[in-house]
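J.: Residue numbers (my numbering): 1 to 330.
C-beta: ideal position from N, C-alpha, C; glycine also.
Remember, predicted model here, so these are calculated numbers, not experimental data.
Sharing a structure, written as structure tokens. Questions coming.
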């Protein structure tokens, strides 16, 4: 409930920042940042919750699927943003329309949480694990339509992959094997993206690579979250998911700070477009560095990570004990 209200408040403040009645132009950007900050405050409350939601409300054979659906809701929103933003914003004056459109789902979500959420947990725990859970300027530059398409393909195929592999691990419980294989294939996809992005006039190749990257990379997200819960049990599900997410955010912040230093100004010979006054940057080296990091981490994870499925084992032990007790009473 708190996250839905923070998200709605952030959307409202962002919409206010482009309102015509704001007396000073200098006030608009700070207002926009305030709205963005409120939305950022809401994000961890939502992103840390899928594993806890799945463990608390769903039985063992449905947990990975429930985790997949709730985890992919956030990328699905990003998918619609990638598609709608280039279509709605043709000029700066269209920004209020864009922000207004984005405020609608925030308002609907806030209303639904206020109306529908009544209990923290179900009356009867759905599983033994649940019973024991502890718990350059913006409007100038290149045309962004193709970039938005690549982002949309990345997310669409990512959601598809997460759905398929979520169902697979629900039935097989092969969390570690699935994560290792997909992580290694994601490393190959990152190398492919680094190479294809250097080729001229290859939109289809780039789209295919982005689709493969999403299909393989996004599917790691819900399965990896469940794997984190399995190897850290009986630590609370939200705790393990939060630590994984915070680690990813810290690494992302580090990459954002360090990788631009590796980018080089684009020369006229190396650019497919006319080089303007503002120097564009060649991101070949940062992309190759990221591919190398991904490959190294995939190798280390595949070779060095081994764990027991502690939650699954604990639930199996409890079921066995209950069966033995029932047989003894008979």
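1) Using the rule of at least 16 other Cβ atoms within 10 Å of the residue's Cβ for burial, across every protein chain shown, is residue 13 buried or exposed?
2) Use the C-beta contact count for residue 161: other C-beta atoms within 10 angstroms, 16 or more gives buried, fewer gives exposed.
3) Would you mind reading off the limits of the alpha helix (DSSP H) that contains residue 63?
4) Can you pull the DSSP bridge partners for residue 281?
5) May I have the straight-line CA-CA distance separating residue 223 from residue 94, to the nearest angstrom?
6) Given this structure, state the Cα-to-Cα distance separating residue 114 from residue 1, to the nearest angstrom.
7) For residue 17 and residue 32, which I take to be in contact (beta-carbon distance under 8 Å), what is that distance rounded to the nearest angstrom?
8) Could you name the residues of the same chain whose beta carbon sits closer than 6 Å to that of residue 152, not counting the 5 residues immediately before and after it, in chain order?
9) Note down, in chain order, each residue of its chain lying with its Cβ closer than 8 Å to the Cβ of residue 118, except the 5 sequence neighbours on either side.
10) So residue 237 packs on residue 28, CB below 8 Å; how close in whole Å?
11) Is the separation between the beta-carbon of residue 215 and that of residue 157 shorter than 8 Å?
12) At what residues does the alpha helix (DSSP H) containing residue 20 begin and finish?
13) Compute the Euclidean distance between the alpha carbons of residue 107 and residue 86, then round it to the nearest angstrom.
14) Taking Cβ positions, are residue 55 and residue 183 nearer each other than 8 Å?
15) Would you please verify whether the beta carbon of residue 91 is less than 8 Å from any beta carbon of chain C?
T.: So, from the listed chains and residues:
1) buried
2) buried
3) 63-88
4) 265
5) 39 Å
6) 7 Å
7) 4 Å
8) 79, 82, 83
9) none
10) At roughly 41 Å, the Cβ-Cβ gap does not stay under 8 Å, so residue 237 and residue 28 are not in contact.
11) yes
12) No alpha helix (DSSP H) holds residue 20; DSSP gives it neither H nor E.
13) 23 Å
14) no
15) Absent from the structure is chain C; it holds one protein chain and no more.
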